[in-house]
Amino acid sequence: MFKIYYYLSKQFLKPLFFISFAFGFVVLISEFFREMSMYMELKTPFITIAEYLFFNLPWWMIDVFAVSVLLALLFSLGELAKRNEITALKASGVNMWRIISLFMILGFCIGIFDFSVREFVIPKTVVRAEYVKKVKIKKRKLEDIPSEHKNIIVSIPGNTRMSVGYLNIKDAYMRDIIIDKYDDKYHIKENIVVGEGYYKNGAWILQNGVTRKFTKDKSWNEEFFTTKPFAFTVKPEDFVVKDTRYEQMNLKTFKEYIQKKQMLGENTLKAQIKYHSRFANVFCHIIVMMIGIPFALGLGNKFGKIISFTFALIFSFIYWAVQAVCLSLGENQVINVWLSAWLPNIIFGIIGIYLMSRIKK
Numbered sequence: 001m002f003k004i005y006y007y008l009s010k011q012f013l014k015p016l017f018f019i020s021f022a023f024g025f026v027v028l029i030s031e032f033f034r035e036m037s038m039y040m041e042l043k044t045p046f047i048t049i050a051e052y053l054f055f056n057l058p059w060w061m062i063d064v065f066a067v068s069v070l071l072a073l074l075f076s077l078g079e080l081a082k083r084n085e086i087t088a089l090k091a092s093g094v095n096m097w098r099i100i101s102l103f104m105i106l107g108f109c110i111g112i113f114d115f116s117v118r119e120f121v122i123p124k125t126v127v128r129a130e131y132v133k134k135v136k137i138k139k140r141k142l143e144d145i146p147s148e149h150k151n152i153i154v155s156i157p158g159n160t161r162m163s164v165g166y167l168n169i170k171d172a173y174m175r176d177i178i179i180d181k182y183d184d185k186y187h188i189k190e191n192i193v194v195g196e197g198y199y200k201n202g203a204w205i206l207q208n209g210v211t212r213k214f215t216k217d218k219s220w221n222e223e224f225f226t227t228k229p230f231a232f233t234v235k236p237e238d239f240v241v242k243d244t245r246y247e248q249m250n251l252k253t254f255k256e257y258i259q260k261k262q263m264l265g266e267n268t269l270k271a272q273i274k275y276h277s278r279f280a281n282v283f284c285h286i287i288v289m290m291i292g293i294p295f296a297l298g299l300g301n302k303f304g305k306i307i308s309f310t311f312a313l314i315f316s317f318i319y320w321a322v323q324a325v326c327l328s329l330g331e332n333q334v335i336n337v338w339l340s341a342w343l344p345n346i347i348f349g350i351i352g353i354y355l356m357s358r359i360k361k
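So this is what it looks like as structure tokens:
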């Protein structure tokens, strides 16, 4: 049985390798001509253009990898069915579900590979591509986060809100600070007004301020201070988040990015959905297998190949359309973040199970 598995895997992986690079090359050529006017205007050397396209190639390939998997499955398994090799395997006593199980395992392994590339390879190559485009092609300096900022509002755990009139990241200094603390019913219980603050030894030191503690009868007690430590360990540079392409971040950086955005009170629904989609994409390739296998096994006659390819591609494009709809529903809070990322897999997983149940052993 090992030789059969090896043969079937080889028949599938060879076209997958070829189709993936073919898709990547097509996108590469398309991007080259799309940006041709920019290259000519800036008199960009060909070696620089090649470098930029090369570092973008992994992202372009992985972005359409599910389509490559689908086409490779249809080419390989469909050709085996056309040459009656599947019939021969069934006649020799091989259960059809053992062959299907092999492709399910391959789908899962491909999903792990997809996840690994997005996690460890794509962030580095995309960052490098952006560097080449901005510095070598457009002759610009990399944009750093500005040092000075005004009117910042920060949400702090424990029902606390902090507003800063002026912040200097380089000097680790801020002034015109107001800190409001609320109870569980969001009634204010403490208000701190501070002239200035410095970040030193991993903590903020507040200077020249007053603390007002409110009582139930809405009166308050005041306490003035010259220097007071503040249990808020956020670094000065974390008060401002630079917008970053999602594919430039691994999961750790992505999570920190979302947390910083939330702290600053910004909408992070789209980012959270994209974060959960990293995990959902692992199973995307299994869904593709479940949709593609029933069609691929029906490629025995003259017209079956065209019809099966058409239906399978239609299913794949509908799948990505559903992904877009679910993303929109999640962003508009119609459904929760987790469901927005996983609902396409759930819907098409059910369809795939139904199609697989129609396969004859």
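Heads up: the sequence shown begins at 1 in the numbering used here, then just goes up one per residue.
Just so you know, even glycine gets a beta-carbon here, dropped at the ideal spot from N, CA and C.
Taking only three categories from DSSP, how would you classify residue i?
i    : result
H149 : strand
L77  : helix
G265 : coil
Q353 : The identity of residue 353 in the sequence shown is Ile, whereas the question assumes Gln. I353: helix per DSSP, three-state reduction.
G111 : helix
N208 : strand
I293 : helix
G330 : helix
V325 : helix
R118 : helix
G104 : Residue identity differs from the one stated: residue 104 is Met in this sequence, not Gly. DSSP places M104 in helix when its eight states are reduced to three.
What does a CB cutoff of less than 6 Å around residue i pick up in its chain, not counting 5 residues either side in sequence?
i    : result
F23  : V64 and S68
V26  : none
I145 : V240 and K242
Y275 : F254
R212 : N191, W220 and E222
E196 : R175 and Q207
K189 : K181, D183 and F214
By a C-beta neighbour count over all protein chains shown, 10 Å radius and 16 as the cutoff for buried, is residue i buried or exposed?
i    : result
C109 : exposed
L42  : exposed
T257 : The amino acid occupying residue 257 in the given sequence is Tyr; Thr does not appear at that position. It counts as buried.
K302 : At K302 the pLDDT is 49, less than 50, meaning the model places this residue with poor confidence and gives no usable figure here.
R245 : exposed
Could you pull out every residue in the same chain whose Cβ sits closer than 7 Å to the Cβ of residue i, ignoring the five residues on either side in sequence?
i    : result
P15  : A72, F75 and S76
M104 : I286 and M289
I86  : L80 and L297
A280 : A341, W342 and N345
Who are the Cβ neighbours of residue i in its own chain at under 8 Å, not counting the five residues just before and after it?
i    : result
I100 : I293, M356 and I359
V132 : T48, E51, Y52 and F55
>> What ranges does the alpha helix (DSSP H) occupy inside the region 122-203, keeping only unbroken runs of at least 4 residues that lie completely in it?
In response: 122-131
>> Tell me whether the region 284-300 and the region 345-357 touch, counting them as touching only if at least three CB pairs, one residue from each stretch, are closer than 8 Å.
In response: yes
>> Please give the ranges of any alpha helix (DSSP H) in the region 19-65, keeping only runs that are unbroken, at least 4 residues long and fully inside the region.
In response: 36-41 and 46-63
> Any contact of the region 318-333 with the region 261-274, i.e. 3+ C-beta pairs under 8 Å?
Replying inline: Output reads yes: the region 261-274 touches the region 318-333.
> Taking contact to mean at least 3 C-beta pairs separated by less than 8 Å, is the region 48-63 in contact with the region 118-125?
Replying inline: Contact between the region 48-63 and the region 118-125 is present: 3 or more CB-CB pairs across the two stretches fall below 8 Å.
>> For a minimum of 3 consecutive residues, which ranges assigned as the beta strand (DSSP E) are wholly contained in the region 211-245?
In response: 220-230
> Are the region 44-57 and the region 3-17 touching by the rule of at least three beta carbon pairs closer than 8 Å?
Replying inline: no
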